[in-house]
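Participant: Have a look at the structure that comes next, please.
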Amino acid sequence: MAQVTVTIDGKSYRMACDEGQEDHLVNLAQRFDRYITHLKDSFGEIGDHRLAVMAGIMVMDELSELQKRMRTMEGEVASLRKTRDEALSQSGKNDAAVTGALNDLAARMESLAGKLAGKP
Numbered sequence: 015m016a017q018v019t020v021t022i023d024g025k026s027y028r029m030a031c032d033e034g035q036e037d038h039l040v041n042l043a044q045r046f047d048r049y050i051t052h053l054k055d056s057f058g059e060i061g062d063h064r065l066a067v068m069a070g071i072m073v074m075d076e077l078s079e080l081q082k083r084m085r086t087m088e089g090e091v092a093s094l095r096k097t098r099d100e101a102l103s104q105s106g107k108n109d110a111a112v113t114g115a116l117n118d119l120a121a122r123m124e125s126l127a128g129k130l131a132g133k134p
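Counted from 1, the sequence shown has number 58 at position 44 by my numbering; the numbering is strictly sequential.
The structure is reproduced here in structure tokens:
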């Protein structure tokens with residue numbers, strides 16, 4: 015386990031994380047600190063606990079909005095996949111119809127060429 019020190023609201027906290035995740039944890043702490051700073055700038059000194067709860071709620075609100083957007087995008091992706099699959103299926107049918115028509119035309123042309131050449 016790796017350990018890093020992060021700073022939130024001017025206070026240092028020693029935290030453990032998986033090896034290789036140190037920079038990620040520091041980045042998360044910096045982002046959370048920006049929420050705390052924003053709230054302090056808006057409401058002043060209202061207590062560490064209350065600031066942390068309000069910042070946590072803001073983060074959860076942002077997460078909730080992102081989850082909604084993700085569900086919408088997943089629905090759009092599913093719809094696009096269905097449309098693609100239908101288009102591929104129709105394309106396959108069209109290819110088969112064209113191939114059949116070309117084969118029929120080729121057979122008729124061979125028949126006509128045979129008749130013109132005097133073959134029954």
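Even for Gly, the Cβ is constructed at its ideal location relative to N, Cα and C.
Count the other CB atoms, across all protein chains shown, that sit within 10 Å of the CB of Val91; report buried if there are 16 or more and exposed otherwise.
Facilitator: exposed
Participant: By DSSP's criteria, Ser26 is part of a beta bridge. Which residues make up the other side?
Facilitator: Thr21
Participant: Spell out the partners DSSP gives Ala16 in its beta bridges.
Facilitator: Cys31
Participant: Should Ile71 go down as buried or exposed, given a rule of 16 or more other Cβ atoms within 10 Å for buried?
Facilitator: exposed
Participant: Taking all protein chains shown into account, do 16 or more other C-beta atoms lie within 10 angstroms of the C-beta of Ile22, making it buried, or fewer, making it exposed?
Facilitator: buried
Participant: Under 7 Å from any heavy atom of the ligand ADP, does the C-beta of Leu65 make it?
Facilitator: Ligands in the displayed structure: none, and consequently the ligand ADP is not present.
Participant: When burial is assigned at 16 or more other CB atoms within 10 Å of the CB, is Tyr49 buried or exposed?
Facilitator: buried
Participant: Do you know how far the Cα of Met74 is from the Cα of Val67?
Facilitator: The straight-line gap from Cα to Cα measures roughly 10 Å.
Participant: In angstroms, rounded to a whole number, what distance separates the CA positions of Glu33 and Ser26?
Facilitator: 20 Å
Participant: I need the DSSP call for Ile60, collapsed to helix, strand or coil.
Facilitator: Note: Ile60 maps to coil in three-state DSSP.
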